[in-house]
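There are 2 protein chains.
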Amino acid sequence: MGRIESNLPNTPHFNPLNPREFRKQAHEMVDFIADYYQNIESYPVLSQVQPGYLRASLPQKAPSLPESLETILEDVKNQIIPGMTHWLSPNFFAFFPSTVSTAGFLGEMLCTCFNSVGFNWIASPAATELEMVVIDWLADMLKLPKSFMFQGTGGGVIQNTTSEAILVTLIAARDKALDVYGSGNLNKLVVYASDQTHSTFAKACKMVGISPRNIRLIPTTIDAGFSLSPVQLKAAVEADMADGLVPLYLCVTLGTTSTTAVDPIELLAGVAKEHGMWVHVDAAYAGSACICPEFRHHLNGVERVDSLSLSPHKWLLSGLDCCCLWVKNPTALVKALSTNPEYLRNKQSESDSVVDFKDWQVGTGRRFKSLRLWLIFRTYGVVNLQGHIRSDVGMAKIFEEFVRSDPRFEIVVPREFGLVCFRLNPDETFGSDYTELLNRKLLDWVNSTGRVYMTHTKVGGIYVLRFAVGATLTADNHVVAAWKLIKEGADALLKTV
Amino acid sequence: MGRIESNLPNTPHFNPLNPREFRKQAHEMVDFIADYYQNIESYPVLSQVQPGYLRASLPQKAPSLPESLETILEDVKNQIIPGMTHWLSPNFFAFFPSTVSTAGFLGEMLCTCFNSVGFNWIASPAATELEMVVIDWLADMLKLPKSFMFQGTGGGVIQNTTSEAILVTLIAARDKALDVYGSGNLNKLVVYASDQTHSTFAKACKMVGISPRNIRLIPTTIDAGFSLSPVQLKAAVEADMADGLVPLYLCVTLGTTSTTAVDPIELLAGVAKEHGMWVHVDAAYAGSACICPEFRHHLNGVERVDSLSLSPHKWLLSGLDCCCLWVKNPTALVKALSTNPEYLRNKQSESDSVVDFKDWQVGTGRRFKSLRLWLIFRTYGVVNLQGHIRSDVGMAKIFEEFVRSDPRFEIVVPREFGLVCFRLNPDETFGSDYTELLNRKLLDWVNSTGRVYMTHTKVGGIYVLRFAVGATLTADNHVVAAWKLIKEGADALLKTV
Chain A
1 MGRIESNLPN TPHFNPLNPR EFRKQAHEMV DFIADYYQNI ESYPVLSQVQ PGYLRASLPQ
61 KAPSLPESLE TILEDVKNQI IPGMTHWLSP NFFAFFPSTV STAGFLGEML CTCFNSVGFN
121 WIASPAATEL EMVVIDWLAD MLKLPKSFMF QGTGGGVIQN TTSEAILVTL IAARDKALDV
181 YGSGNLNKLV VYASDQTHST FAKACKMVGI SPRNIRLIPT TIDAGFSLSP VQLKAAVEAD
241 MADGLVPLYL CVTLGTTSTT AVDPIELLAG VAKEHGMWVH VDAAYAGSAC ICPEFRHHLN
301 GVERVDSLSL SPHKWLLSGL DCCCLWVKNP TALVKALSTN PEYLRNKQSE SDSVVDFKDW
361 QVGTGRRFKS LRLWLIFRTY GVVNLQGHIR SDVGMAKIFE EFVRSDPRFE IVVPREFGLV
421 CFRLNPDETF GSDYTELLNR KLLDWVNSTG RVYMTHTKVG GIYVLRFAVG ATLTADNHVV
481 AAWKLIKEGA DALLKTV
Chain B
1001 MGRIESNLPN TPHFNPLNPR EFRKQAHEMV DFIADYYQNI ESYPVLSQVQ PGYLRASLPQ
1061 KAPSLPESLE TILEDVKNQI IPGMTHWLSP NFFAFFPSTV STAGFLGEML CTCFNSVGFN
1121 WIASPAATEL EMVVIDWLAD MLKLPKSFMF QGTGGGVIQN TTSEAILVTL IAARDKALDV
1181 YGSGNLNKLV VYASDQTHST FAKACKMVGI SPRNIRLIPT TIDAGFSLSP VQLKAAVEAD
1241 MADGLVPLYL CVTLGTTSTT AVDPIELLAG VAKEHGMWVH VDAAYAGSAC ICPEFRHHLN
1301 GVERVDSLSL SPHKWLLSGL DCCCLWVKNP TALVKALSTN PEYLRNKQSE SDSVVDFKDW
1361 QVGTGRRFKS LRLWLIFRTY GVVNLQGHIR SDVGMAKIFE EFVRSDPRFE IVVPREFGLV
1421 CFRLNPDETF GSDYTELLNR KLLDWVNSTG RVYMTHTKVG GIYVLRFAVG ATLTADNHVV
1481 AAWKLIKEGA DALLKTV
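Put into structure tokens, the structure is as follows:
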């Protein structure tokens, strides 16, 4: 807003951040959102709209003149909400939940309020330092070794998503290797993971120039719980080395997307480290459980790896998007990603007395996301966060018991965290194609009711229903009702068989 | 929260998203933030803390037990705010401003409220479709050809930052080229930009495996306004081709970071297209001005390029982070970035009737950011957004006139948008080193007062002070006061000479 300009004839006065108006409208929005949360169960959890529903109903151009907040909120109710798949619904059991909380929301409000662009320390000292503090706090909650902490010899950073955590560590590993083997040898570098690893791994590899021919997604089996076998890894690495290739990077998953399989960190790191590979642990979902002592053993061996990522937006109530990445050797990351343009130079950065997080990530600009984690950790305390994990796991156990108690259903892989992998398998003589068809029909029917949303996967050739417990508002009664609905669908379906 | 679990002895009841509590605490936070905006001028705009100030004062571990919102907000006041460089202060003239607005804030609140993870259409139909609508709206405001619009044959997507927009288009271009030239020829691909191009360009190139040897940052001169010369581009391309190299990608900048230089899109695209290169326009900051007819000519020739990015968080009031990327050929992008894991398969995606934005970006998960733009465009209307751009430019003109009116100062490069590049140059006999020292001292002093924050750059060997007008709350009186302060600094400094 500029007063001289805005007093010119025909130029209306315009202040888009008038504190009085902000206060009034933001209070209105708080009530709108609180009402949404209160009524969330009244909406179909999976949106029932058809493709193009919204594009067809909105104007093709932005309005020339202002519209009121009331008009816009009416449109949110009538046009947006019907097209939402309600991730916050307590009846959302699809994918992995993306959890939120009041504290996370308040932290996000503060982050938006400051809107600081903390690319380097001076541009926002509090943003950089608070991030260093909370990432150490979370490392401590996970009992990570000091080698991953700023309090020790490593450090961490908030990325947007796991994809970026993998991307930047892969680049650090690649550049380190090319320094040794020469920049013309990119085609010799080979990366390893299991066939259960998230698809973002192969995508990141392709992004950084690793040929798809050099991406080894080692097959897993149902007997081994879809976990990556150190023996098979060793065989693959040795075969590649015999072919004159260079093992570069191993992605170990703690809690795969399909079935929450856990790769054995210690044994796999043992194999990889013999050959100087960078080992990354993708603990996006299940890593959060390791703040509870009873799950911490899944991280055993983490002291041997190079990097670890975990997304608090999945299970630690932070809301999207917030992925914590720890590295043992920040120098490798910074060497690969640093820039030093004149327009960002400043005394503190040049004195090496500070961390400039732009050199730990893809982009330059970055938000003050650590506020969310700070508010969550302080508002709830570690004890309640542990309780929250245990409560979700407890509800998944209840669902698992329901499944086991009905002979028409089966648990496909053992449950470890909040995800139950099951299927309808009423008659072994039906054959796998027909059994898959039954499960597809059951899933479609359940989701079409709008009362529950689940998704599926396919592992070891088996079509599996995934029931992921953990939406923030989910309580026992929702799990009980979901099971009742699934049984109702199965009853109807099996009558027609 | 799980009721059975939470009723166990010793497990306190825990609901981190109780709507009543949410409503109460979010209202408190609104007032806290509105107060911050009201008092923002009372804080030093550039934080005056020393490295380590916060880390030293916070506990080394997260608390076990909950703390109250009141305690936390006290800490925000006493520990965080002193360490903030206040990007929203009306006295912030550093870098490029990152603008916000009430409407953008409310849109962000809604985005956080839904917390939908719109990786594909079905996971959040409204999020995908609203993004398609608003990105077409902005294309229309910029008078982009239909070939960049979903209403036409192209389309757009919201990335986090320009870095990602460059990264993904570069990958699309690279993979298209390697399909033609063979995957072993990565080392033959050459990219072009000017030496004024943002450092993120060279970083993105290195990330995707382009050798630094193959990155041509063509020198610019003050006489040509630091704009990339089509003649020099042509010469560089031809020299590379004579060496058996393959021209891949040209990054054209509309409004460089140092001085807002504008590269001539039409002429440069002419050269690049003769050789089949991908042409990207980085219009991060100045692109927004093109919603005003009087600035639109800077986009002339855009119909010949392949992609264009522009960050509404810079000048269109959206807050971080929001970068719009348009592409003429979405297929190339999707081919390079798509994944199709079983756990994300669904009828709508397989029928090709919908857009799945995960295939247009680095990561999988993504937030419902289009809500911010939708609220901004509707709440203010195009007319007010144009007025806002003009008002900022008007204030920059006022500052430019102040500089021109004082013979001790000079404008280093002509001003086109909201950035004024100037320096103290009281005596040509001082020599360039001494003049630079004077300007460094002046900048340090101005920033040390906490009353104004400016930054610097160096172009054509000249150390330049950058005065970037456009923080949302800035009005004429702040520009007037800033100039008065700068003059006061110069007076004192020159007395000692």
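As given, the protein sequences belong to chains A and B, one line each in that order.
Per my numbering, the first sequence starts with residue 1, numbered consecutively.
Per my numbering, the second sequence starts with residue 1001, numbered consecutively.
All C-beta atoms in this analysis are idealised placements derived from N, C-alpha and C, irrespective of residue type, glycine included.
Distance check for K328 (chain A) and S147 (chain A), CA to CA, integer angstroms please.
6 Å
Return no unless some Cβ of chain A is closer than 8 Å to the Cβ of D1031 (chain B).
yes
Going by other Cβ atoms of all chains shown within 10 Å of its Cβ, with 16 needed for buried, is H1297 (chain B) buried or exposed?
exposed
Taking 8 Å as the CB-CB limit, is H388 (chain A) close to chain B?
yes
Span of the beta strand (DSSP E), counted from its first residue to its last, around L1130 (chain B):
Looking at the DSSP string, L1130 (chain B) is not in any beta strand (DSSP E); the run it does join, the alpha helix (DSSP H), is P1125 to M1141.
Establish whether the CB of C113 (chain A) and some CB of chain B are separated by less than 8 Å.
yes
Pairwise C-alpha distance: S1391 (chain B) and L8 (chain A):
Bear in mind that a pLDDT of 42 at L8 (chain A), under 50, signals an unreliable position, so the number given afterwards is only what the model happens to contain. One C-alpha to the other measures close to 10 Å.
Out of B:L1046, B:S1432 and B:P1063, point me to the one whose CA is closest to L118 (chain A)'s CA.
The amino acid at residue 118 (chain A) is misidentified as Leu; the sequence shows Gly. For the residues B:L1046, B:S1432 and B:P1063, the minimum Cα distance to G118 (chain A) belongs to B:L1046.
Contact with chain B by G418 (chain A), beta-carbon distance below 8 Å
no
Could you name the residues of the same chain whose beta carbon sits closer than 7 Å to that of L110 (chain A), not counting the 5 residues immediately before and after it, in chain order?
L371
Among A:T85, A:G52 and A:K24, which has the Cα closest to the Cα of T449 (chain A)?
A:T85
Name the two residues that bound the continuous beta strand (DSSP E) containing R423 (chain A).
L419 to L424
Those runs of the alpha helix (DSSP H) which lie wholly inside the stretch 1215-1252 of chain B and span at least 4 residues:
1230-1242
Express the C-alpha separation of Y1463 (chain B) and E1436 (chain B) in angstroms, rounding to a whole number.
6 Å
Determine, using beta carbons only, whether V1014 (chain B) and H388 (chain A) come nearer to each other than 8 Å.
The amino acid at residue 1014 (chain B) is misidentified as Val; the sequence shows Phe. Yes.
Consider the Cβ of G152 (chain A): report whether some Cβ of chain B lies at a distance smaller than 8 Å.
no
Proximity below 8 Å, CB of S1194 (chain B) to CB of I1218 (chain B):
yes
What residue from A:E164, A:Q232, A:S183 and A:S227 has the CA that sits closest to A202 (chain A)'s CA?
A:E164
C-alpha gap between A1034 (chain B) and R20 (chain A), whole angstroms
7 Å
Taking F467 (chain A) as part of the alpha helix (DSSP H), name the residues at either end of that continuous run.
Segment I462 to A468 is the beta strand (DSSP E) holding F467 (chain A); no alpha helix (DSSP H) there.
Using beta carbons (cut-off 8 Å, strictly below), is F1399 (chain B) in contact with chain A?
no
Going by beta carbon distance, what residues of the same chain come within less than 8 Å of W87 (chain A), once the five residues before and after it are set aside?
P97, S98 and A471
In or out: Q395 (chain A) buried (at least 16 other Cβ within 10 Å) or exposed?
Note that residue 395 (chain A) is Met in the sequence shown, not Gln. When all chains shown are included, M395 (chain A) counts as buried.
Taking the alpha helix (DSSP H) that K1335 (chain B) falls in, what are its first and last residues?
P1330 to L1337
Please compile the residues from chain B whose C-beta is within a distance smaller than 8 Å of the C-beta of L375 (chain A).
I1072
So F295 (chain A) contacts chain B; which residues on that side make the cut at Cβ distance below 7 Å?
Simply none; closest approach about 15 Å.
Sorted by chain position, which residues of the same chain lie with C-beta nearer than 6 Å to F1295 (chain B)'s C-beta, five sequence neighbours on each side aside?
A1289
Of the residues that make up the stretch 184-198 of chain A, which ones have a beta carbon closer than 8 Å to any beta carbon in chain B?
G184, L186, N187 and H198
Quick one, which of B:E1274, B:T1496 and B:A1481 has its alpha-carbon nearest P1090 (chain B)'s?
B:A1481
State the Cα-Cα distance for the pair D433 (chain A) and T257 (chain A), rounded to the nearest angstrom.
23 Å
Kindly list, in the order they appear in chain A, the residues whose Cβ is closer than 8 Å to that of T1260 (chain B).
Simply none; closest approach about 12 Å.
C-beta contact flag for L375 (chain A) and A103 (chain A) at 8 Å:
yes
Which residue or residues does DSSP assign as beta-bridge partners of A103 (chain A)?
Beta-bridge pairing links A103 (chain A) to no other residue.
Measuring only between beta-carbons, confirm whether W121 (chain A) sits less than 8 Å from chain B.
yes
Less than 8 Å between CB atoms is the rule here; does N78 (chain A) satisfy it with respect to chain E?
This model lacks chain E altogether, as its protein chains are A and B.
3-residue-minimum beta strand (DSSP E) runs that sit fully inside the stretch 1249-1331 of chain B, ordered along the chain:
1278-1282, 1307-1310 and 1323-1327
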